[in-house]
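**Student:**
In the numbering used here, the protein residues as written are 8 to 165.
Written out as structure tokens, the structure is:
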């Protein structure tokens, strides 16, 4: 059901908050058809809070007294944080979170980028919600889908 309303949510955030029937009535009465979007303020507040307090992944040892496990856990945590920062992970995750607040859907893609370094670096990018918009799927996390692919319409010029 949330997918059916996603297009309406995007139009609302973009400033199109009045349906066509109400807009026609207002124009017929010679009244302005503008609406003030106060929800955007709350969306920015919540997403800003998420940006200022990003998530962290900490690798902890299974045996607390084992010094070697503690060192491996610290090294792995630092390695993950390095790759996450290099891939611009906190910013991408915040954008995805803001997408999920405004449309109900937020997606990201992770892959190994060999353009920046031939050995490969982690890349983390935001996927626009409309590339993952499938009305056939009813679950929020696309769990019942057998396979997933992104689709995007390309305009023909000329």
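Glycine included, C-beta positions come from ideal geometry on N, C-alpha and C.
So residue 41 and residue 66 are supposed to be a Cβ contact under 8 Å. How far apart are they, rounded?
**Tutor:** So it is not a contact: roughly 52 Å between Cβ atoms.
**Student:** With a CB to CB cut of under 8 Å and the five nearest residues on each side skipped, what residues in its chain are close to residue 119?
**Tutor:** 127, 128, 129 and 130
**Student:** With 16 other CB atoms within 10 Å as the buried threshold, where does residue 100 fall?
**Tutor:** buried
**Student:** Tell me whether residue 90 sits in a helix, a strand or coil according to DSSP, three-state version.
**Tutor:** Three-state result, residue 90: helix.
**Student:** Under 8 Å Cβ to Cβ from residue 61, same chain only, skipping five residues before and after it: list those, please.
**Tutor:** 97, 100 and 101
**Student:** Whole angstroms are fine: how far does the CA of residue 52 sit from the CA of residue 27?
**Tutor:** 30 Å
**Student:** Under 8 Å, with one C-beta from each stretch per pair, do the region 108-118 and the region 76-91 reach the 3-pair mark?
**Tutor:** Too few Cβ pairs lie closer than 8 Å, so no.
**Student:** If we ignore side chains and look at the alpha-carbon of each, how far apart do residue 79 and residue 54 end up?
**Tutor:** 33 Å
**Student:** List the DSSP bridge partners of residue 129.
**Tutor:** 119
**Student:** Grouping DSSP H, G and I as helix and E and B as strand, with all else coil, what is residue 134?
**Tutor:** DSSP, read as helix, strand or coil, puts residue 134 in strand.
**Student:** So, residue 50 versus residue 122, is the Cβ gap smaller than 8 Å?
**Tutor:** no
**Student:** Might you give, ordered along the chain, the residues of its own chain that have their beta carbon closer than 6 Å to the beta carbon of residue 105, omitting 5 neighbours on each side?
**Tutor:** Around residue 105, the same chain offers 54 as residues with beta carbons nearer than 6 Å, after the five sequence neighbours per side are excluded.
**Student:** Between the beta-carbon of residue 20 and the beta-carbon of residue 47, is there less than 8 Å?
**Tutor:** Remark: C-beta atoms of residue 20 and residue 47 approach each other more closely than 8 Å.
**Student:** Inspect the beta-carbon positions of residue 111 and residue 13 and report whether they are closer than 8 Å.
**Tutor:** yes
**Student:** Using three-state DSSP, classify residue 114 as helix, strand or coil.
**Tutor:** strand
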